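Visitor: Quick one: this structure, given as structure tokens, is what I'll be asking you about.
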Amino acid sequence: MQPVAPPLRHTGCSGTLSYPLGGSHDQAVIFSRTSGRARRAHRTRRPRRSRDRSRAETARFLTHIPITDEARALVRSQLVRNGPGIRAGKSITRGAATDQQAQQAQAPGVIQINLFDSARESYFVTTQTIPVGTTIQAFIAQPDFKQEWGLEALRVTEDLSPGFSLVLPGISTLGDFWQQGLTTYWIVVTDPNGNQSMSNTDFGTKGFYRNADDTTYMVPGIDSWREFNNGDGAVIVEVKGRFLTGVRTEVVFEDIVAPQDAIQVIDSSTIQVNLSLVPNFDLTLMKTYLLTVGQAAWTDSFPFRHTPR
Numbered sequence: 127m128q129p130v131a132p133p134l135r136h137t138g139c140s141g142t143l144s145y146p147l148g149g150s151h152d153q154a155v156i157f158s159r160t161s162g163r164a165r166r167a168h169r170t171r172r173p174r175r176s177r178d179r180s181r182a183e184t185a186r187f188l189t190h191i192p193i194t195d196e197a198r199a200l201v202r203s204q205l206v207r208n209g210p211g212i213r214a215g216k217s218i219t220r221g222a223a224t225d226q227q228a229q230q231a232q233a234p235g236v237i238q239i240n241l242f243d244s245a246r247e248s249y250f251v252t253t254q255t256i257p258v259g260t261t262i263q264a265f266i267a268q269p270d271f272k273q274e275w276g277l278e279a280l281r282v283t284e285d286l287s288p289g290f291s292l293v294l295p296g297i298s299t300l301g302d303f304w305q306q307g308l309t310t311y312w313i314v315v316t317d318p319n320g321n322q323s324m325s326n327t328d329f330g331t332k333g334f335y336r337n338a339d340d341t342t343y344m345v346p347g348i349d350s351w352r353e354f355n356n357g358d359g360a361v362i363v364e365v366k367g368r369f370l371t372g373v374r375t376e377v378v379f380e381d382i383v384a385p386q387d388a389i390q391v392i393d394s395s396t397i398q399v400n401l402s403l404v405p406n407f408d409l410t411l412m413k414t415y416l417l418t419v420g421q422a423a424w425t426d427s428f429p430f431r432h433t434p435r
């Protein structure tokens, strides 16, 4: 019999529950990329049998714990600080680069939500080694920012290498819980020394869409990409959009992490990634990936297709 993840727990905080979304098969679980290099090259809903098998094979890497008061307090402090519409025109806090750099430290990983697929699968992909004893916790905040939902809490029991994917509770399971506006998905990472960092993203719900003014507050934000060979024959992906300069930038293709020396922030509208320097990226095959850019504790994701040339 395949193991089943335990249900989420009541945290004991007044008036707040950690909701089990979608049943045990939608609970967070980690997938190892070090054996067989099985990748999410095409983001589709995985068969449950495969997901259970991965859970059994990698259970040694993590354990479920209750949502911690410290992580919840950090999320609440961000809610109070930023107010509703954190990345829309309703708030100026995401409009100035200096303010973004003052936000919570960026986590050693990025949150990915595939808004381009009906399953709305959600992941946290590690971009740096995460040591034993680290906790990784997931929250969702409604557009009114009056409450946060603790979704999942995990403690790492073996070091996690860059490129590990944690499958998070999927947002498609929330159903009638949605409010109209920007909903925020938060990941709080606390290292063994108590240092906290975050990776967050947001998405419109109940028919909400950003207008031209709102998009200026969406940083990082991907508009488009193009792929070409430079003069040295290297394969370059150029990403256009809204970005910060002078901060650590993470770029991930599904669970393939671009090293820092392959990433160049040209200016506030352009990032270039040298795919020829990205380990495990197969340049000989046409594949579709979910491209994610992370900066200043925020991420944005966009479909990307590599074409051999």
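Throughout the sequence shown, residue numbering follows this note's numbering, covering 127 to 435 in sequence. Positions of the beta carbon are idealized from the N, C-alpha and C atoms, including for glycine. Here the structure is a predicted model, which is why all the values come from computation and not from measurement.
(1) Pick out whichever of Ile193, Gly367, Gln263 and Thr194 has its Cα sitting closest to the Cα of Arg352.
(2) How big is the Cα-Cα spacing for Arg202 and Ser427?
(3) To the nearest angstrom, report how far apart Phe250 and Ile313 are at their CA atoms.
(4) Identify every residue that forms a DSSP beta bridge with Leu416.
(5) If we require 3 or more residues per run, which beta strand (DSSP E) segments fall completely within the region 283 to 341?
(6) I need the boundaries of the beta strand (DSSP E) containing Tyr343, first residue and last residue.
(7) Between the Cα of Thr327 and the Cα atoms of Ser350, Arg281, Pro346 and Ile262, which residue gives the shortest distance?
(8) Do you know whose CA, among Asp381, Gln238 and Ile191, lies nearest Thr260's CA?
(9) DSSP three-state label for Phe187, please.
(10) Evaluate Asn240 with the Cβ neighbour count: other Cβ atoms within 10 Å of its Cβ, from every protein chain shown; 16 or more gives buried, anything less gives exposed.
(11) Based on Cα-Cα distance, which residue from Phe379, Thr331, His432 and Leu200 lies nearest to Leu416?
(12) Could you work out which residue in Thr253, Ser394, Ala231 and Asp340 is closest to Val365 when comparing CA atoms only?
(13) Please state whether the Cβ-Cβ distance between Glu274 and Leu294 is less than 9 Å.
(14) What would DSSP say about Arg368, mapped onto helix, strand or coil?
(15) The beta strand (DSSP E) with Glu376 in it runs from where to where?
(16) Any idea if Asn290 is buried or exposed, counting beta-carbon neighbours within 10 angstroms, 16 or more meaning buried?
(17) What separation, rounded to the nearest whole angstrom, lies between the Cα atoms of Thr371 and Val391?
(18) Could you tell me which of Leu280, Leu188 and Gln230 sits nearest to Leu205, measuring between CA atoms?
(19) Taking the C-alpha atoms as reference points, what is the distance between Ile266 and Val377?
(20) Going by DSSP, name the residue or residues bridged to Gly359.
(21) Excluding sequence positions up to five away, which residues of its chain have a Cβ less than 6 Å from the Cβ of Thr375?
(22) In chain order, what residues of the same chain have a beta carbon less than 6 Å from the beta carbon of Ile382, not counting five sequence neighbours either side?
(23) Which of helix, strand or coil does DSSP assign to Ile207?
(24) Under the rule that 16 or more other beta-carbon atoms within 10 Å means buried, what is Gln305, buried or exposed?
(25) Give the range of the beta strand (DSSP E) segment to which Ile239 is assigned.
(26) Are the beta-carbon atoms of Thr425 and Gln254 separated by less than 9 Å?
(27) Using only the alpha-carbon positions, how far apart do Thr410 and Pro434 sit?
(28) In three-state terms, what does DSSP make of Ala199?
(29) So Ala233 and Ala423 are supposed to be a Cβ contact under 8 Å. How far apart are they, rounded?
(30) Let me know the secondary structure DSSP gives Leu280 once reduced to three states.
(31) Using the Cα positions of Thr341 and Ile348, report the straight-line distance between them to the nearest angstrom.
(32) Which residues mark the beginning and the end of the beta strand (DSSP E) in which Asp393 is found?
(33) CA-CA distance, Leu523 and Thr396?
Guide: Based on what the coordinates show:
(1) Counting from one through the sequence shown, the residue named residue 352 turns up at place 226. Taking only the C-alpha atoms, the option nearest Arg352 is Gly367.
(2) For the purposes of this step, residue 202 is taken as the residue at position 76 of the sequence shown. For the purposes of this step, residue 427 is taken as the residue at position 301 of the sequence shown. Rounded to the nearest angstrom, the two C-alpha atoms are 25 Å apart.
(3) The sequence position of residue 250 within the sequence shown is 124, counting from 1. The sequence position of residue 313 within the sequence shown is 187, counting from 1. The straight-line gap from Cα to Cα measures roughly 8 Å.
(4) As a working mapping, residue 416 is identified with position 290 in the sequence shown. Among the bridge pairs identified by DSSP, Leu416 is matched with Pro429.
(5) The region 283 to 341 contains these whole beta strand (DSSP E) runs: 291 to 294, 307 to 316 and 322 to 331.
(6) Here residue 343 refers to the residue found at position 217 of the sequence shown. Premise fails: Tyr343 is in no beta strand (DSSP E) and is neither H nor E.
(7) Taking the sequence shown and counting its residues from 1, one reaches residue 327 at position 201. Here the closest residue by C-alpha is Pro346.
(8) Here the question's residue 260 lines up with position 134 in the sequence shown. Minimum Cα distance to Thr260 is reached at Ile191.
(9) For the purposes of this step, residue 187 is taken as residue 61 along the sequence shown, with counting starting at 1. In the structure shown, Phe187 sits in a helix (DSSP, three-state: H, G or I).
(10) On the sequence shown, position 114 is the one that residue 240 refers to. Result: buried.
(11) Counted from its first residue, the sequence shown places residue 416 at position 290. Looking at the Cα atoms, Phe379 is the closest of the given residues.
(12) Start at 1 with the first residue of the sequence shown, and residue 365 comes out as number 239. When each option's Cα is compared against that of Val365, the closest is Ser394.
(13) Translated into positions along the sequence shown, residue 274 becomes position 148. Translated into positions along the sequence shown, residue 294 becomes position 168. Result no, Cβ atoms of Glu274 and Leu294 do not sit closer than 9 Å.
(14) As a working mapping, residue 368 is identified with position 242 in the sequence shown. Strand.
(15) Indexing the sequence shown from 1 puts residue 376 at position 250. Note, Glu376: beta strand (DSSP E), Thr375 to Phe379.
(16) Position 164 of the sequence shown holds residue 290. Sequence inspection shows Phe at residue 290; the Asn mentioned does not correspond to that position. It counts as buried.
(17) The residue given as residue 371 occupies position 245 in the sequence shown. The residue given as residue 391 occupies position 265 in the sequence shown. Cα-Cα distance, rounded: 6 Å.
(18) Here residue 205 refers to the residue found at position 79 when the sequence shown is read from its first residue. Considering only alpha carbons, the answer is Gln230.
(19) By 1-based counting over the sequence shown, the position of residue 266 is 140. By 1-based counting over the sequence shown, the position of residue 377 is 251. Their Cα atoms are separated by approximately 23 Å.
(20) One-based indexing of the sequence shown puts residue 359 at position 233. For Gly359, which the question treats as bridged, DSSP gives no partner whatsoever.
(21) The residue labelled residue 375 in the question sits at position 249 within the sequence shown. Excluding sequence neighbours, Thr375 sits near Ile389, Val391 and Gln421.
(22) In the sequence shown, counting from the first residue as 1, residue 382 sits at position 256. Once the five neighbours on either side are set aside, the close Cβ partners of Ile382 are Asn406 and Phe407.
(23) Counted from its first residue, the sequence shown places residue 207 at position 81. Reading off the sequence, residue 207 comes out as Arg, not Ile. In this structure, Arg207 counts as helix in the three-state DSSP scheme.
(24) For the purposes of this step, residue 305 is identified with residue 179 of the sequence shown, where counting begins at 1. By the 10 Å Cβ count, Gln305 comes out exposed.
(25) Taking the sequence shown and counting its residues from 1, one reaches residue 239 at position 113. Gly235 to Ile239 is the span of the beta strand (DSSP E), which, as asked, contains Ile239.
(26) Indexing the sequence shown from 1 puts residue 425 at position 299. Indexing the sequence shown from 1 puts residue 254 at position 128. No, these two residues do not count as a Cβ contact at 9 Å.
(27) Numbered from 1 along the sequence shown, position 284 holds the residue referred to as residue 410. Numbered from 1 along the sequence shown, position 308 holds the residue referred to as residue 434. Distance between the alpha carbons of Thr410 and Pro434: 5 Å.
(28) For the purposes of this step, residue 199 is taken as residue 73 along the sequence shown, with counting starting at 1. Ala199 falls in the helix class under three-state DSSP.
(29) The count along the sequence shown starts at 1 and reaches residue 233 at position 107. The count along the sequence shown starts at 1 and reaches residue 423 at position 297. The pair is a contact, with the Cβ atoms about 7 Å apart (cut-off 8 Å).
(30) Here residue 280 refers to the residue found at position 154 of the sequence shown. Looking at Leu280 - three-state DSSP - the assignment turns out to be strand.
(31) Start at 1 with the first residue of the sequence shown, and residue 341 comes out as number 215. Start at 1 with the first residue of the sequence shown, and residue 348 comes out as number 222. Rounded to whole angstroms, Thr341 to Ile348 spans 10 Å at the Cα level.
(32) Here residue 393 is taken as the residue at index 267 of the sequence shown, counted from 1. From DSSP, the beta strand (DSSP E) with Asp393 extends over Ile389 to Asp393.
(33) Missing from the structure shown is residue 523; the chain here goes from 127 to 435 and no further.
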